[in-house]
Each structure stands twice: as structure tokens, then as C-alpha cells.
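**Q** Supplied in C-alpha cells, the structure appears directly below.
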Amino acid sequence: MKHILLLGFFISTGGCTLSAELPALTEQHHNLLDNDNDGVIDARDLCDDTVTTAMIDNDGCPIYLLIKSDNSLRIQFANDSAIVAHAYSEELDKIAEFLKLYPETSLELQGHTSSPGSKDYNNDLSVQRAYAVKAQIEHRGINADRFSIIGLGEDDLMLEDTTETLQLVNRRVIGHVKGFKGNIKKAWTIFTRRKQ
199 MKHILLLGFF ISTGGCTLSA ELPALTEQHH NLLDNDNDGV IDARDLCDDT VTTAMIDNDG
259 CPIYLLIKSD NSLRIQFAND SAIVAHAYSE ELDKIAEFLK LYPETSLELQ GHTSSPGSKD
319 YNNDLSVQRA YAVKAQIEHR GINADRFSII GLGEDDLMLE DTTETLQLVN RRVIGHVKGF
379 KGNIKKAWTI FTRRKQ
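Using our numbering, read the sequence shown as starting at 199 and increasing by one per residue.
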């Protein structure tokens with residue numbers, strides 16, 4: 199009796215599985231590819247070329263860490279001169295290395311003068327000073343299209359230059375890095391080590 203019941207059970211369940219129909223495949227209507235393999239589909243990805251090791255946000259863009267470093271440049275000039283002193287070589291090397299490390303950045307160079315002299319002459323001199331600094335950084339391997347030059351002349355004095363010492367403070371070129379977001383925050387991997 200047991201055998202008959204057991205045989206009946208197998209026949210009844212086996213017959214059900216043989217007659218079952220497979221569900222129809224759903225046709226994909228949207229592009230669900232992820233060409234940069236960051237985990238965000240291309241249709242939603244706002245950053246097409248995300249670095250593989252980067253942590254990303256919901257838009258597929260890397261998360262940046264703000265670093266505390268002074269990415270600015272300050273070069274002083276002698277009276278009525280647009281010659282960059284050799285003493286600034288180290289600063290120029292540092293800013294050039296930074297620009298090489300972050301190719302998406304650019305450098306805005308603002309030329310300034312002290313107030314003695316005509317306004318037109320000072321404006322021209324401030325532009326010459328900015329171009330002199332630009333030439334020094336270009337010589338260190340940075341492309342010319344990564345600079346913007348602004349000649350402010352005597353219009354933006356740091357101090358009222360009533361003495362020669364105060365005039366020296368105003369004769370300057372200031373460089374500001376533009377387009378720097380910070381360092382990319384890297385995703386954790388099994389090879390990541392904790393800082394000790």
C-alpha cells in the first residue's frame with residue numbers, strides 16, 4: 199500500500215512539472231550598460247570616465263577630499279620691473295608640479311603695481327609682470343591655454359603705498375588655481391591599509 203501511494207505521488211507531481219510553460223522573456227527597452235564600470239548605468243551617469251578606484255556618488259561622479267594646501271602663488275617685483283627674480287624658482291616649481299598633477303585645473307595670474315607712475319603705464323606693467331610669471335611656468339612644462347592673465351595695475355593696492363617698503367608689497371603677481379575640486383576619495387579594497 200505504501201508503494202502504491204508513493205508511486206501515485208511521484209506520478210502526480212511529475213506530470214505537473216512536465217506540462218509547465220516557461221514565462222516569456224521581457225524585452226529590454228532601455229540602455230542599462232555601465233561602460234565605466236562604476237556601478238551607475240550610463241543613462242544616469244553624469245561622469246563618463248570615473249577612475250576605477252574612486253568612491254562615487256549617486257550620479258556616478260567621484261567623491262573628492264578637500265586637501266588643505268595653499269595652491270596660490272605670490273611673486274614680488276622690483277620697482278618698474280617685470281623680471282621674475284631667481285629667488286622664486288622653488289615656488290614656480292611647486293605650482294608647475296601641482297598643475298601637472300591636476301590637469302583639469304588652470305591658473306589665473308593677476309598682475310599688480312604700486313601707485314607711482316601713470317595709470318596706463320601701470321596697467322601695461324601689471325600685464326607684463328603676469329606674462330613674465332606665465333612664461334616661467336610654461337618653461338616648466340605647462341601649456342599656455344591653462345592660464346588667464348589679468349592686469350589690475352594700481353587699482354587693487356594691498357596697502358596705501360606712501361613709502362618704498364609699502365610700494366614693494368603692492369608690486370606683485372598673485373596666482374590663483376581654478377577648477378581644483380580636491381583629491382578623489384578612493385574606495386576600500388582588501389588591499390587597503392589603515393594609517394597607523
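Yeah, the Cβ is synthetic: ideal placement off N, Cα and C, and Gly gets one too.
(1) Would you say S324 and G339 are within 7 Å of each other, going by their C-beta atoms?
(2) Under the three-state reduction of DSSP, which class applies to V325: helix, strand or coil?
(3) Quick check on the DSSP output: what are the complete beta strand (DSSP E) runs of length 3 or more inside the segment 275-360, in order along the chain?
(4) Return the CA-CA distance between E362 and Y286, expressed in angstroms with no decimal places.
(5) Per the DSSP calculation, V249 is bridged to which residue(s)?
(6) In three-state DSSP terms, what is V375?
(7) Quick check on DSSP: helix, strand or coil for L366?
(8) L350 to Y319, Cα distance in whole Å?
(9) Pull up the distance between the alpha-carbon of S312 and that of Q365, whole angstroms please.
(10) So, at 7 Å on beta carbons, what are the nonlocal neighbours of N233 in its own chain, with the 5 sequence-adjacent residues on each side left out?
(11) With contact counted as at least three CB pairs below 8 Å, one residue from each stretch, are the segment 254-261 and the segment 292-305 in contact?
(12) Below 7 Å CB to CB, which residues in the same chain sit around Q274 once its five sequence neighbours on both sides are set aside?
(13) Among D354, A330, Q226, L223, which residue has its Cα nearest to the Cα of A283?
(14) Leaving out the 5 sequence neighbours to the left and right, which residues in its chain are closer than 7 Å to G377 when beta-carbon positions are compared?
(15) Give the secondary structure of R272 by DSSP, where H, G and I count as helix, E and B as strand, and everything else as coil.
(16) Could you tell me if E295 is buried or exposed, where buried requires 16 or more neighbouring beta carbons within 10 angstroms of its beta carbon?
(17) Rounded C-beta distance between G373 and L230? I'm assuming under 8 Å.
(18) Are the Cβ atoms of A280 and Q326 separated by less than 7 Å?
(19) Pull up the CB-CB distance for L168 and R344, whole angstroms please, since I reckon it's below 8 Å.
**A** Concretely, from the data shown:
(1) no
(2) helix
(3) 304-310, 345-351
(4) 21 Å
(5) According to DSSP, V249 bridges with nothing at all.
(6) strand
(7) helix
(8) 11 Å
(9) 5 Å
(10) D240
(11) no
(12) L366, R369, R370
(13) A330
(14) E302, T303, S304
(15) strand
(16) exposed
(17) Not quite, the Cβ-Cβ distance comes to about 45 Å (not below 8 Å), so this is no contact.
(18) yes
(19) Residue 168 cannot be examined here, being either before or after the span of the chain that is shown, 199 to 394.
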